[in-house]
Amino acid sequence: MSEIHSQGQSEDYSEDFYRHHAQRYSDVAHQFLQSVYIKSSHPALKGDMDLLDRLVELAPGKKGLDAGCGAGARDVYRLWELGFDIHGIDAVPDNIEEARVRHPEIAGRVGVANLKEPLGFPDGHFDFVMCNAVIQHIDPESIKETAIPELTRVLKPGGILQLMFKNGSGVISVFDRDYGVNRTFRLYEEEELLQVLKNLRFELVHADSPGELGGLMYFTDPKPIDHCVFYVRKSPDPIRHAPYPSTLG
């Protein structure tokens, strides 16, 4: 559990946090200590795995990317075990090293990459991309100019992006009891992100029945911090992008 202790402008020390807590973060993730929600706007949305299950239902194929896979790359390993052609990237080398140590079977499927920079994958490479609780560490300009355009560029026409983020405006600081440290996160408003995605010819995926996940969904995690999550689908007639750089190592 965590406590909100202040709100306002604050410097983001996320990379330092992950460098110092990679193994502990991996343990917390694999034990699902912060992955079951306190409350949500949808009766079928109880935790991270519900979102993942719906994502692979929506995706047109089994080739995917976890953009910001975190220390230990829990979801990359889970999907790999289920037979998916899944890859993971993270901006913090310690997180990738922890993934390779914890799950050597996927060592070649995870690598270091920063969403503030162009990704080393071709256009239309993946059937689905998930980016969960990552943009909270990235400034708004980089989100609009690089991160979201790159996440969408590497998706095939008809591909699905799952975007989860801490919801609101400004910056929030919390004391995270699982790690014993103060943490700082940027908050984003859903309508602003959806407009960026609409300009890139993505549309919001709505539920076809009451039991399905879709539309704008909200939940509160154990910290507690409010989140929004949604799925968007890439138009079959996507815009063209500049050539991609060489594949990351």
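Quick note on my numbering: the sequence shown kicks off at 1105 and runs consecutively.
Note that the Cβ used here is the ideal one computed from N, Cα and C, for glycine as well.
Residue i versus residue j - alpha carbon distance
| i | j | result |
| --- | --- | --- |
| Val1336 | Gly1262 | 9 Å |
| Ala1237 | Gly1212 | 23 Å |
| Tyr1283 | Leu1255 | 30 Å |
| Leu1169 | Ala1148 | 24 Å |
| Trp1184 | Val1205 | 16 Å |
| Glu1221 | His1146 | 34 Å |
| Leu1137 | Asp1154 | The predicted model places Leu1137 with a pLDDT of 49, which falls under 50 and marks its position as unreliable; any figure quoted below should be read in that light. Computed Cα separation, rounded: 15 Å. |
| Arg1290 | Pro1314 | 31 Å |
| Val1333 | Arg1158 | 12 Å |
| Phe1279 | Leu1317 | 31 Å |
| Asp1341 | His1310 | 20 Å |
| Ser1277 | Asn1286 | 7 Å |
| Leu1223 | Tyr1141 | 31 Å |
| Ile1242 | Val1214 | 20 Å |
| Tyr1181 | Ile1239 | 22 Å |
| Leu1301 | Asp1227 | 16 Å |
| Thr1288 | Asp1312 | 37 Å |
| Gly1319 | Glu1161 | 15 Å |
| Ser1246 | Asn1199 | 21 Å |
Residue span of the alpha helix (DSSP H) that contains residue i, given as start and end
| i | result |
| --- | --- |
| Arg1204 | Pro1197 to Arg1206 |
| Lys1302 | Glu1294 to Asn1303 |
| Asp1154 | Asp1152 to Leu1162 |
| Asp1179 | Arg1178 to Glu1185 |
Contact check, residue i vs residue j, beta carbons under 8 Å
| i | j | result |
| --- | --- | --- |
| Asp1152 | Lys1166 | no |
| His1207 | Ala1177 | yes |
| Ala1163 | Ile1193 | no |
| Leu1219 | Ala1195 | yes |
| Val1258 | Val1233 | yes |
| Leu1297 | Leu1265 | no |
| Met1321 | Ser1144 | yes |
Nearest to residue i (by Cα), restricted to the options the options
| i | options | result |
| --- | --- | --- |
| Ala1251 | Ala1217, Arg1204, Leu1162 and Leu1308 | Ala1217 |
| His1331 | Phe1269, Gly1274 and Glu1296 | Phe1269 |
| Lys1338 | Asn1286, Glu1307 and Asp1325 | Glu1307 |
| Lys1150 | Ile1329, Pro1340 and Asp1325 | Asp1325 |
| Asn1303 | Pro1253, Pro1226 and Lys1260 | Pro1253 |
| Lys1260 | Asn1199, Asp1231 and Phe1323 | Asp1231 |
| Pro1244 | Glu1294, Gly1215 and Asp1227 | Glu1294 |
| Leu1186 | Gln1299, Pro1226 and Ile1210 | Ile1210 |
| Phe1323 | Gly1272, Glu1201 and Gln1299 | Gly1272 |
| Ile1329 | Arg1305, Asp1312, Tyr1292 and Gln1299 | Tyr1292 |
| His1229 | Leu1156, Pro1197 and His1191 | His1191 |
| Cys1173 | Ser1246, Leu1156, Val1160 and Cys1235 | Cys1235 |
| Gln1299 | Lys1248, Asn1199 and Asp1198 | Lys1248 |
| Asp1179 | Asp1198, Glu1161, Asp1312 and Leu1156 | Leu1156 |
| Lys1327 | Gly1319, Arg1281 and Arg1305 | Arg1281 |
Range of the contiguous beta strand (DSSP E) that encloses residue i
| i | result |
| --- | --- |
| Tyr1335 | Asp1330 to Lys1338 |
| Glu1307 | Phe1306 to Leu1308 |
| Ile1193 | Asp1189 to Asp1194 |
| Asn1218 | Neither: Asn1218 is in no beta strand (DSSP E) and is coded neither H nor E. |
| Tyr1141 | Per DSSP, Tyr1141 belongs to no beta strand (DSSP E) and is neither H nor E. |
| Thr1324 | Met1321 to Thr1324 |
| Asp1170 | Lys1167 to Ala1171 |
Residue i at chain B interface by Cβ criterion, 8 Å
| i | result |
| --- | --- |
| Ile1264 | The chain labelled as chain B is not found in the depicted structure, where only one protein chain is given. |
Please give the ranges of any beta strand (DSSP E) in the segment 1255-1290, keeping only runs that are unbroken, at least 3 residues long and fully inside the region. Runs found: 1259-1270, 1275-1280 and 1285-1290.
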